[in-house]
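Peer 1: Residue numbers (the working numbering): 134 to 214.
Idealized CB from N, CA, C, for every residue including glycine.
The structure presented is a predicted model; accordingly, all values stated were derived computationally and were not measured.
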């Protein structure tokens with residue numbers, strides 16, 4: 134009886150862990166997509182600016198955020214494996 138309970142508990146742990154990985158991956162995908170859209174909008178707005186320094190600042194900001202996000206999501210996906 135104890136072995137059966139232990140086996141069921143182990144199976145539940147596996148199911149919960151896999152569901153957590155799937156949910157985490159879906160969250161990361163949604164995060165990346167929304168941030169990509171936001172950064173694209175910021176770049177578009179920067180291109181419309183008539184001030185060179187505002188345009189350069191906005192483009193530097195979007196590049197920095199994109200690099201940080203790439204590193205963050207890559208590390209997070211590594212934890213999900």
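So the candidates are 171, 137, 159 and 144; which of them puts its Cα closest to the Cα of residue 210?
Peer 2: Sequence index remark: in the chain shown, residue 210 carries index 77 (1-based). Closest option to residue 210, Cα to Cα, is 159.
Peer 1: Going by DSSP in three states, residue 154 sits in which element: helix, strand or coil?
Peer 2: Taking the first residue of the chain shown as position 1, residue 154 is located at position 21. Residue 154: helix per DSSP, three-state reduction.
Peer 1: Would you identify the three-state DSSP class for residue 177, choosing helix, strand or coil?
Peer 2: Within the chain shown, residue 177 is the residue found at index 44, counting from 1. The answer is helix: DSSP assigns residue 177 an H, G or I state.
Peer 1: For my contact list, residue 215 and residue 213 are in at a C-beta cut-off of 8 Å; report their separation, rounded to the angstrom.
Peer 2: No statement about residue 215 is possible, as the shown extent of the chain runs from 134 to 214 and does not include it.
Peer 1: Leaving aside the five residues before and after residue 199 along the sequence, list all residues of the same chain whose C-beta is less than 7 Å from its C-beta, in chain order.
Peer 2: Start at 1 with the first residue of the chain shown, and residue 199 comes out as number 66. Within the same chain, residue 199 has close Cβ partners 172.
Peer 1: So, with DSSP's three-state summary, where would you put residue 167?
Peer 2: Here residue 167 is taken as the residue at index 34 of the chain shown, counted from 1. Residue 167 falls in the helix class under three-state DSSP.
Peer 1: Check for me: the alpha helix (DSSP H) holding residue 182 runs from which residue to which?
Peer 2: Locating residue 182 in the chain shown gives position 49, where the first residue counts as 1. That residue, residue 182, is in no alpha helix (DSSP H); it is neither H nor E in DSSP.
Peer 1: Can you give the Cα-Cα distance for residue 163 and residue 202, rounded to whole angstroms?
Peer 2: Counting from one through the chain shown, the residue named residue 163 turns up at place 30. Counting from one through the chain shown, the residue named residue 202 turns up at place 69. In a straight line, the C-alpha of residue 163 is about 13 Å away from that of residue 202.
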